[in-house]
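Report on one structure; see the data block that follows.
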Amino acid sequence: MKVGIIIPIYNRAKLLQRLFDSLKKTFLPKDCTIYLIDDCSIEKDIKPLIKNFDLDCNLIKIYNKENKGINYNLLKWYDKLFDNGIEYVIVLDSDSIVNNYFYDLMTYFYSIFPDKIISGFNTLNLSELGTARHPIIEDCRWYHKKNTSGALCLGIGKKVYEKYTRPVLEDFVMINKRHTFDTKFTREASKEKPSVICTVPSVAEHTGIEVSTLGHNYNPDISCDFKPYIELGRKKPITFNFATYPLRREWLEKTVKKLLTINIVDKIRVYLNEYTKVPEFLINDRIEYVIGLENIKDTGKFYWMEQTEDEYYFTADDDLEYNEQYILKHIELCDKHKGDAVISLHGKVLNEKPSGFTDVKRDYHFARYLDKDEQINLPGTGVMLTDTSKIKIPLSYFKYHGMTDIYVGLFCQQNKIKCFCRKHSENELSLIYKGKDTLWNKQLQLKPQQNEVLQTIDKWLLIGEEKKEIINNKLNIKEQIIMKIVLIKSHYKNIKLGEVGQILNEEESGARELIRKGVAKEFTEALEKEFAKIEAKELEEKQKVISNFVEQKEFKKETIETKEFKPIFDTKLKDVFEKRKQRMEEAGFIYDLNTDSFLKENKFVCTSDELVNMASLKYGKLLKK
């Protein structure tokens, strides 16, 4: 992905120096291009500062001969960058600082949400009226969904630019408006749905709170969660664990060298089967290795697991090219299940009594598109993650070698651990080696051992389905049908149905007895009564909402008519408000309750809240005087 970073500059050398210092600590790729645009600064320190600034990436320095303003410059350079093949543009204010993973997270979220606006600045500052300037619409683990955002650290793709950003910029330039475009264009984009994906935590912070060029000195926006150094919300190390042998040295070297470029990987471990000497490319502070006393094949991936305390333990293959997105997505799903699940990008759902390793109901491949997370009972260990604070498989558990997938599946079956194949695109990972010398091709030679392990347990089921399976095995066909109807209804309502639901979900013997006594009709009626109660409760809640809405409207009307004010209004502010209201009434304005607006000749003028806001602003100017 071609990425361009625009930094508009006008004076404020000290703040710009802070931004430059922070950029030097970030992980920026060499093919990233930064555009430094000096809009005819009058401070003498600016040009030398820009001239001497250097980074290990592409730097383009532009010096305008005339001050045109922020909107003109953004319009001009957005156009140039997108026209020249840049796919994603990030704007950084000169009065901002960024942390070490600024670039990584901004590009990561764009890769997931290419049609959204990406903000690296999570601010929840309140306006003068006490409302959030950029409120959270939906709170997700590593990001927030919002409708608006400031431009302090903002990234967009070409589609968003052409549809929303450019029209606003063109309008602002035409009317020579000096204020920035950010809130207006993000609000325009949010008409369809929440348009802003905001990183959590913030990757940028606002520093120009005392010398704002846009009048932001009073109550400026600051982040609520910025840290100069972050570790992507994790508190445990990330490790990659390999097993290999000499014939695959070439592929291992490529895989390891790629991993070393990913800064969030704390340690790489390699179990060397059949080696007598450590390869030179493994001599690195971030790499740990063991020359095996015996060839334990792929079991070597698990050599360190039992010894670890608390880490994201990735088991990996020596012929795959891993990337940061793969790592983060695995960790996100693992954390979602609180570490109590095995996460993979590859796996199977075996038949209940499999005749062999390939006797499956469903088969998921890492190179085939998968649109949602799927539960499996046989995960692929070449693309697998476990949280070792919750799950550890001892090395002694593997009786035979070359079949770790089966052993991990067996361990999870015996310990009631869920396994998931994570949703993914077909090209999330790249295969380095495409030859025939693979462990998969040697699986056929291990069929007797595989069958021995597979038959260790009676039935291969998905964890969580065992109870349902027990119930169904003890019910006749008629009873099973009744039970399935009830289950469907319960699922449809997505609720527990009081005592009746508890009989069904927890006391399978009680449910069975209930049906065998011939009270299926009463059972169904009891369920319907529960549904009726819930529907009645929902109706009651709706009526409360309607009632509260009416009460709020009446309160506003009363406030306008009786001149009663909220506690935030003191006497002077009240006077300012009353004078403005009186002038409006004298001019023929009428307050309309239904729309909460002041009208003239049936045309909208402003809301009561906007009138309060105008009074507040006027009062602020009076105080300043």
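Position in the sequence shown (first residue = 1) + 862 = this note's numbering.
Glycine included, each C-beta is placed from N, C-alpha and C at the ideal position.
This one's a predicted model, so the numbers in the text were calculated from it and none came from an experiment.
Local conformation of residue i per DSSP, three classes
i, result
"P891", "coil"
"V960", "strand"
"I1228", "Residue 1228 is actually Phe in this sequence, not Ile. Three-state DSSP puts F1228 in coil, outside helix and strand."
"Y1184", "coil"
"Y1354", "Any reading at Y1354 must be qualified, since the residue scores a pLDDT of 43, below 50, and its modelled position is unreliable; the value itself is stated next. In this structure, Y1354 counts as helix in the three-state DSSP scheme."
"A1051", "helix"
"W910", "Reading the sequence as shown, one finds Pro at residue 910 and not Trp. Helix, per DSSP."
"K1193", "Inspection of the sequence shows that residue 1193 is occupied by Ile rather than by Lys. Looking at I1193 - three-state DSSP - the assignment turns out to be helix."
"V1022", "helix"
"I1332", "Model confidence at I1332 stands at a pLDDT of 42, short of 50, so the residue's coordinates are unreliable; what they give is reported in the following sentence. Note: I1332 maps to helix in three-state DSSP."
"D941", "helix"
"I974", "helix"
"L936", "helix"
"D1001", "strand"
"D1044", "helix"
"L967", "helix"
Chain-order list of residues whose beta-carbon lies under 6 Å from that of residue i (same chain, five-residue window excluded)
i, result
"K1020", "F944"
"N873", "S903 and E905"
"E1173", "K1098, P1099, T1101 and T1250"
"Y925", "D900"
"D1180", "F1104, T1106, R1110, W1113, L1114 and T1117"
"L1195", "I1205 and R1284"
"I948", "K864 and G866"
Nearest residue (CA-CA) to residue i, options the options
i, options, result
"L1014", "Y1133, M968, D1033 and I998", "M968"
"C919", "G866, S1064, I952 and P1141", "G866"
"I816", "K886, Y934, M863 and D893", "One cannot answer for residue 816 here, as it falls past the ends of the chain, which runs 863 to 1487."
"M863", "I1018, N1009, T1045 and K1309", "I1018"
"N1313", "L1247, L1182, N1213 and F1219", "F1219"
"N1157", "E1194, F1176, H1263 and N946", "H1263"
"V951", "S1064, T1161 and V1022", "V1022"
"D1235", "T1248, P1256, I1255 and S1287", "S1287"
"D883", "I1268, I1294, H1192 and P1090", "P1090"
"L1240", "K1261, M1265, R1230 and I1059", "M1265"
"Y897", "F1228, Y1026, Q1169 and K942", "K942"
"K923", "L1257, P910 and K930", "P910"
"D1197", "Y1175, G931 and E1000", "Y1175"
"F893", "T1177, C1002, K1025 and L917", "Checking the displayed sequence, the identity of residue 893 turns out to be Asp instead of Phe. Taking only the C-alpha atoms, the option nearest D893 is L917."
"K938", "E1032, Q1276 and T985", "E1032"
"P1216", "A1051, K1321 and L1144", "K1321"
"P997", "G947, R880, F975 and R1049", "R1049"
"E1024", "K978, I1084 and E1448", "K978"
"L1122", "S1292, Y1184, E1171 and D907", "Y1184"
Own chain partners of residue i with C-beta closer than 8 Å, once the 5 adjacent residues on each side are dropped
i, result
"F889", "N962, Y963, Y965, D966 and N1125"
"I1279", "D1202, A1203, V1204, I1253, F1273 and I1325"
"L877", "S956, D957, T1069, G1070 and V1073"
"T1027", "Y940, I1018, F1043 and F1047"
"V1315", "K1261, Y1262, M1265, I1268, Y1269 and L1272"
"P1056", "I999, E1000, K1007, K1008 and N1009"
"Q879", "L911"
Limits of the unbroken alpha helix (DSSP H) element including residue i
i, result
"L885", "A875 to L885"
"E928", "Premise fails: E928 is in no alpha helix (DSSP H) and is neither H nor E."
"L1316", "K1309 to L1316"
"P870", "Counting along the chain, P870 falls outside any alpha helix (DSSP H), though it belongs to the beta strand (DSSP E) covering V865 to I871."
"D1083", "Neither: D1083 is in no alpha helix (DSSP H) and is coded neither H nor E."
"V1065", "Note, V1065: premise wrong, no alpha helix (DSSP H); not H, not E."
Sequence-distant residues of the same chain with beta carbon closer than 7 Å to residue i, five excluded per side
i, result
"D1233", "K1285"
"V1065", "V960, N961, Y963, F964, L967, M968, G982 and C1015"
"V1222", "K1210, V1211, L1212 and N1213"
"Y1165", "Y1133, V1152 and L1257"
"C1086", "N984, T985 and L986"
"G1154", "Y1133, L1134, N1135 and G1162"
"K1129", "P1099, T1101, R1148 and E1150"
Extent of the continuous beta strand (DSSP E) to which residue i belongs
i, result
"F1176", "Y1174 to A1178"
"L1031", "Counting along the chain, L1031 falls outside any beta strand (DSSP E), though it belongs to the alpha helix (DSSP H) covering R1028 to M1036."
"S1206", "A1203 to S1206"
"G1209", "G1209 to L1212"
"L954", "Y950 to L954"
"S981", "I979 to S981"
Interface flag, residue i vs chain C, CB-CB below 7 Å
i, result
"K1008", "Any reference to chain C falls outside this structure, which holds one protein chain only."
For this session: Counting only runs of 3+ residues fully inside the stretch 1216-1296, write out the beta strand (DSSP E) ranges in chain order.
Result: 1222-1226, 1236-1238, 1245-1249 and 1280-1283
Problem set entry | Ranges of the beta strand (DSSP E) found wholly within the stretch 1131-1167, counting only runs of at least 3 | 1149-1153
For this session: Jot down the residue ranges of each uninterrupted alpha helix (DSSP H) in the stretch 1095-1130, minimum 4 residues, whole runs only, in chain order.
Result: 1111-1122
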